[in-house]
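These notes are about the structure you will find just below.
There are 4 protein chains.
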Amino acid sequence: MCRFVAYHGPPMELDELLYRPDHSIIDQSMHAEERREPLNGDGWGVGWYDRERSPEPALHKRVRPAWNDDNMRHVSPLIETSLYFAHVRAASPGLSVQQLNCHPFTGGTGLHERDADLDPVERGRRRLLFMHNGTLGAHREVIRRVRESLDDEFYFGIHGSTDSEHAFAVIQDELGRDVVDPSLDDLAAAVHAALERLETFRAEVDEEAGTQANFCLTDGESIVATRYATPGTAAQSLYVGEAGSFESGGEFCSTPDPEGTAATIVASEALFENDRVWRAVPRNHRVTVEPDGTVSIDPIELDLAG
Amino acid sequence: MCRFVAYHGPPMELDELLYRPDHSIIDQSMHAEERREPLNGDGWGVGWYDRERSPEPALHKRVRPAWNDDNMRHVSPLIETSLYFAHVRAASPGLSVQQLNCHPFTGGTGLHERDADLDPVERGRRRLLFMHNGTLGAHREVIRRVRESLDDEFYFGIHGSTDSEHAFAVIQDELGRDVVDPSLDDLAAAVHAALERLETFRAEVDEEAGTQANFCLTDGESIVATRYATPGTAAQSLYVGEAGSFESGGEFCSTPDPEGTAATIVASEALFENDRVWRAVPRNHRVTVEPDGTVSIDPIELDLAG
Amino acid sequence: MCRFVAYHGPPMELDELLYRPDHSIIDQSMHAEERREPLNGDGWGVGWYDRERSPEPALHKRVRPAWNDDNMRHVSPLIETSLYFAHVRAASPGLSVQQLNCHPFTGGTGLHERDADLDPVERGRRRLLFMHNGTLGAHREVIRRVRESLDDEFYFGIHGSTDSEHAFAVIQDELGRDVVDPSLDDLAAAVHAALERLETFRAEVDEEAGTQANFCLTDGESIVATRYATPGTAAQSLYVGEAGSFESGGEFCSTPDPEGTAATIVASEALFENDRVWRAVPRNHRVTVEPDGTVSIDPIELDLAG
Amino acid sequence: MCRFVAYHGPPMELDELLYRPDHSIIDQSMHAEERREPLNGDGWGVGWYDRERSPEPALHKRVRPAWNDDNMRHVSPLIETSLYFAHVRAASPGLSVQQLNCHPFTGGTGLHERDADLDPVERGRRRLLFMHNGTLGAHREVIRRVRESLDDEFYFGIHGSTDSEHAFAVIQDELGRDVVDPSLDDLAAAVHAALERLETFRAEVDEEAGTQANFCLTDGESIVATRYATPGTAAQSLYVGEAGSFESGGEFCSTPDPEGTAATIVASEALFENDRVWRAVPRNHRVTVEPDGTVSIDPIELDLAG
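Residue numbers (the UniProt record's numbering), protein chains in the order written: chain A, 1 to 306; chain B, 1 to 306; chain C, 1 to 306; chain D, 1 to 306.
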């Protein structure tokens, strides 16, 4: 279980949304309100893009709790970004608190050759960021099936032991080799197919087990997020916030800017109180944010094999 | 602000009390009940003695929260000890979360020559463990005065920046050069004199500021703990638990064993519910545990200079 | 690549061998002499037994370099043990420096229920410690095959991403469900069969790749260590040291004590200079230390499938 | 002892100089060539400026060795900066490996209120970065004298225990309250006066002790670096590199660009071989880099009190 926040909109300084809202992700690391246990102190991570400089995101993860990571405190005021992900972790029992197991995850093999003659698939995968709030039902057995179902290149991109990272590998596997520069539709289709594969495996392994899959995926341009739970299982909370801008001190408005520079947040919990900004995502729905900021919320209907 | 626990009694495995009680120090790191903020996740530490092997304690500290430190999980079942201290930290704003700033502290210079021809004072100081729950009022200015008041050898023993470590240096300074193998009375007198010095400095600097000084000190044989707060300031909670034994599954009893092998716990919060075991320490009182396990609770009456 | 040391003999304090020899494992973390790169600074670990207290080892691992881990400095003087493993890591390129990936590894699922009604197989696996110096040839593909070949219970015991941990899982898989309390012969047979399985996989994947497998395994009573390399590949160094005792200051002698309390060290590099104590293990040989301290060195002859 | 590098010049991506030169600071963390011990693995830090966004630097420090810090690996490609400091530490014996003790240091109290009504002195101090290679002779006693000589506001800015951070406090104390927006001359004068104060204290305490003070200070616009050692003490190495640009793959040239956009590096060791780029700074000389990139090297002549 965890909490996360994703931002898509006009460039702003990273510390603005990370630290300043009343119920920022930092506050949620200590005092989450919509899960039974308020504490998400088992490491955290932040990934962000600067598309003028690189299509690949920066990534900062630590096993320390978010609230006492003074590096991010001292780095974020100098970072300007128009798309970032942040995630605070509450490790499931038995899963290790390791930097490797912190979200968000990036694709690719994790090796560091920057200008090596990278395979375009590898290059494409490195553009992705993924984070997850929830657990896959019967996750150990599902993970084993997931691994067996993966192509080598996505199999070898798994470095940790979380169900979340394995779910991300399935998404990449669904994107496949041919989709190097995916559209929002490609990303959404891959997430959908991954949910189907994961739920099919889960049902094969344990009909009764329940999955909570609040996924959040980006390629640096679009965002696809889900609020999904197996029938009979409670879903984790998810909100969408929309405003002309989220600059602190700015006047928040619920109507997107007509010129299309509206700002969007997808978050486990609303970052501050303002009913004109936030709406709850219904259970088993998907949120998409297009490169131009257009937000849609659509139902998820899985077609489970068998 | 923090929470702590100290054990004095028959040898038992370290993990017994660390992990098993309902409201163990680990639970208090997440869900403290007697301070406004339940979270004490800014590092922790455990120190313990094995007097047959050495008069100096073992010490394990990490900046990770107590609840996800798998090293202590995997080490404590093999440790048998008749006296240990554990402390979970909630860093005061502006104080760094560093291993160095975690409690408990030991005396001495922190250098590692084991069989160097150590000065007996240095050797004596290394036997001590100290931990603190609370804050010194006007702590920055008080720390400066403390430093100026210290003999070199105790001044040079300070490695971090907490008010707590400075309070411990004052205690060592009060013990002085001549008391190499202190009795319980020596320890209690040093704690008393340190409280007076600290409160005198505090009053000189800021008459209105309030100090919370729940101190806990040991030389590996006796324990001196205080529940103290400046008049007008709320005191941090403190409890004493007494039983024939605290082995889990054992039958807890509130009357000390007639043969003097009774077990005592001094803790910020009771580790489990049992009114026959636990009693609250009154405000501005001192708890002492003698080498044979005899527990006394006496009022603290400071005589402040000026 | 890495360096390791294992001790089997009369109980002694853990810090004695960890810190005091001229070329201790701590020194080898900075200044290894028998590998091209002297540095082994990517985390470390120490595991030790206290059979009177538990059949399961204590385990302490950190991503910090061994030389600046002050916790072990302050804990090891209070630990007495008659069997311990220590390992300093030099991470292979692309493998993460995570506590999880540090050696030694223990068996079992890694969950923490101490007195849960543990399966005897799980209980047996938790008694094991394993460490490795070297790399498996074509390790990524071999790891995939390894995973596919494992029984669920050993598959689920893998938490990290190193080839070493996967090699250990194969050893456990070879021990199987039926061997709950293995003899030295059982352990040696499992190591042998695991080497064969790993080398068979390696040859299937890449005929040219070379494996270096200096393995070291214990159940808390016996030790099995190998110095193995694929034909055509250089082997990592390995030494056996034997003495009546390794207490510092004691007189080292090369002949085992007639009363059978002789002490043995198996180490990547000799811990100090003394030709009467140390002998190099020949390439493709196995060292075994029986519970009573008897040391044997025998050739390894693999029978590779196909 | 340590190694450091400072860059001043046209904006470039942070990873370029951090990771790519043959003998980058990362390489120097493992394989320094001009100190007896090649290893500088006790933590590291990087500070950089983005003057368009803020006058205060970003700061990233970790106790991990530089070579395995994957956060900086994944963050630095997105950072563009025209002035940065990086420092790899080899902790002096007895000084703790804590994030707090890693260089570079910033001024100010370390509290995090971003838009609090900050005192202009506090605001000015936060713009500074400082790092040090060397040790102050008789450092413990000198540190005590330093503390006693400081104004409260600089005294309270000290959070760790290194001689280096104390030297930086003296520099800030010399800058004083009145110099809020210092010129290069102000900075150079403060460094000079601090050296005199430190050397005077050192001589009072121990006439024979020797200080090595390779200091490096910036306000985000200019740099002042020293290569200083007490007479009779060997000086740590220091180099200046000048080129039109240090972009990798670019053609290095030793003559500054006529338009004044030349790039300068000040480093403990040359980052690559090219005699036209690098020159050794003579002992007891000072390097200054003006905001426009003009480099001067001048002798340091201390006038020691007494």
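Positions of the beta carbon are idealized from the N, C-alpha and C atoms, including for glycine.
field: For arginine 53 of chain A, the nearest candidate out of D:Gly293, D:Ser76, D:Asp42 and D:Ala280 (CA to CA)
entry: D:Ser76
query: Tell me the DSSP bridge mates of phenylalanine 246 of chain D?
result: According to DSSP, which records beta bridges pairwise, phenylalanine 246 of chain D is partnered with nothing at all.
- request: Could you name the residues of the region 30-59 of chain D whose beta carbon sits closer than 9 Å to any beta carbon of chain E, in the order they occur along the chain?
  value: Annotation note: the requested chain E is absent from the structure, which comprises protein chains A, B, C and D.
field: According to DSSP, residues forming a beta bridge with glycine 299 of chain A
entry: One detail in the question is off: residue 299 of chain A reads as proline in this sequence, not glycine. In DSSP, proline 299 of chain A forms a bridge with A:His285.
field: Burial state of arginine 64 of chain C, where buried means 16 or more other Cβ atoms lie within 10 Å
entry: buried
- prompt: Using CA coordinates, which residue listed in B:Thr211, B:Phe85 and B:Pro57 is at the minimum distance from aspartate 15 of chain B?
  reply: B:Phe85
Span separating the alpha-carbon of residue 309 of chain A from that of glutamine 98 of chain D: Outside the shown range of chain A (1 to 306) lies residue 309 of chain A, about which nothing can therefore be said.
message: Measuring alpha carbon to alpha carbon, tell me which residue in D:Asp181, D:Thr288, D:Arg145 and D:His74 is nearest proline 120 of chain D.
response: D:Asp181
message: Could you give the first and the last residue of the continuous beta strand (DSSP E) run that contains isoleucine 265 of chain C?
response: 263-267
message: Can you tell me where the alpha helix (DSSP H) holding glutamate 120 of chain C begins and where it ends?
response: One point to set straight first is that residue 120 of chain C is proline, not glutamate, in the sequence displayed. Its alpha helix (DSSP H) spans residues 120-125.
field: Check whether leucine 83 of chain C and threonine 106 of chain C have beta carbons under 8 Å apart
entry: no
message: Quick check: is the beta carbon of glutamate 242 of chain A nearer than 8 Å to any beta carbon in chain D?
response: Not closer than 8 Å to any Cβ of chain D, the Cβ of glutamate 242 of chain A fails to qualify, so no.
- prompt: Name the chain C residues whose beta carbon is nearer than 9 Å to that of phenylalanine 156 of chain A?
  reply: Arg140, Glu141, Ile143 and Arg144
task: Use the C-beta contact count for glycine 232 of chain C: other C-beta atoms within 10 angstroms, 16 or more gives buried, fewer gives exposed.
output: exposed
message: In chain order, what are the residue ranges of uninterrupted beta strand (DSSP E) at least 3 long that sit wholly in the region 185-213 of chain B?
response: none
field: 6 Å Cβ shell around serine 254 of chain C - same chain, five flanking residues per side excluded
entry: Its pLDDT being 47, under 50, serine 254 of chain C is placed unreliably by the model, and the measurement read from it follows with that caveat. Excluding sequence neighbours, serine 254 of chain C sits near Arg276 and Val277.
Contact check, valine 146 of chain D vs cysteine 216 of chain D, beta carbons under 8 Å: No.
field: Cα-Cα separation, leucine 195 of chain B to valine 205 of chain B
entry: 15 Å
field: Within chain B, partners of glutamate 148 of chain D - CB distance below 8 Å
entry: Glu148
Run of the alpha helix (DSSP H) containing aspartate 27 of chain A, from where it starts to where it stops: 25-31
query: Taking C-beta to C-beta, are glycine 220 of chain A and threonine 264 of chain A nearer than 8 Å?
result: no
- prompt: Distance, Cα to Cα, arginine 62 of chain B vs aspartate 42 of chain B?
  reply: Their backbone Cα atoms lie some 9 Å apart in a straight line.
message: With the cut-off set at 8 Å, would you say glycine 160 of chain C and leucine 198 of chain C are in Cβ contact?
response: Taking 8 Å as the Cβ cut-off, glycine 160 of chain C and leucine 198 of chain C do not qualify as a contacting pair.
Segments of 3+ residues assigned as beta strand (DSSP E) that fall wholly inside the region 27-91 of chain A: 44-50, 54-62 and 80-89
Rounded Cβ spacing between aspartate 22 of chain A and phenylalanine 272 of chain A (contact assumed at less than 8 Å): 5 Å
- prompt: Name the chain D residues whose beta carbon is nearer than 8 Å to that of proline 77 of chain A?
  reply: Residues of chain D passing the Cβ test: Arg53, Ser54, Glu56, Ala58 and Arg114.
task: Run the CB neighbour count on glutamate 301 of chain D, radius 10 Å, all protein chains shown included, and call it buried at 16 or more, exposed below.
output: exposed
query: Hey, how far is the Cα of aspartate 115 of chain D from the Cα of glycine 108 of chain D?
result: In this prediction, aspartate 115 of chain D has a pLDDT of 48, which is less than 50 and means its spatial position is unreliable; what the coordinates show is noted afterwards. Going by the C-alpha atoms only, they are around 14 Å apart.
- request: Take glutamine 212 of chain A and list the residues in its own chain whose beta-carbon comes closer than 7 Å to its own, dropping the five residues that flank it on each side.
  value: Gly134, Thr135, Ala229, Thr233, Ala235 and Gln236
task: Measure the C-alpha to C-alpha separation of valine 179 of chain D and alanine 189 of chain D and round it to an integer number of angstroms.
output: 12 Å
- request: Count the other C-beta atoms from every protein chain shown that fall within 10 angstroms of the C-beta of glycine 249 of chain C, then say buried if there are 16 or more, exposed otherwise.
  value: Since pLDDT at glycine 249 of chain C reaches only 45, below the 50 mark, its modelled position is unreliable, and the value read off the structure follows with that caveat. So glycine 249 of chain C ends up on the exposed side.
message: I'd like to check one pair, threonine 81 of chain A with tryptophan 48 of chain A: are the Cβ atoms closer than 8 Å?
response: yes
field: Distance, histidine 8 of chain D Cα to valine 295 of chain D Cα
entry: Taking the CA atoms as reference points, valine 295 of chain D sits about 10 Å from histidine 8 of chain D.
- prompt: Buried or exposed: glutamate 113 of chain B, going by 16 or more other Cβ atoms within 10 Å of its Cβ?
  reply: Confidence at glutamate 113 of chain B is low in this model, with a pLDDT of 48, below 50, so its placement is unreliable and no value can be given for it.
message: Taking the alpha-carbon of leucine 175 of chain B as reference, which of B:Glu290, B:Leu187 and B:Phe4 has the nearest alpha-carbon?
response: For leucine 175 of chain B, the nearest C-alpha among the options comes from B:Leu187.
query: Using a C-beta cutoff of 8 Å, does valine 63 of chain A count as contacting chain B?
result: It does: the Cβ of valine 63 of chain A has a partner Cβ on chain B nearer than 8 Å.
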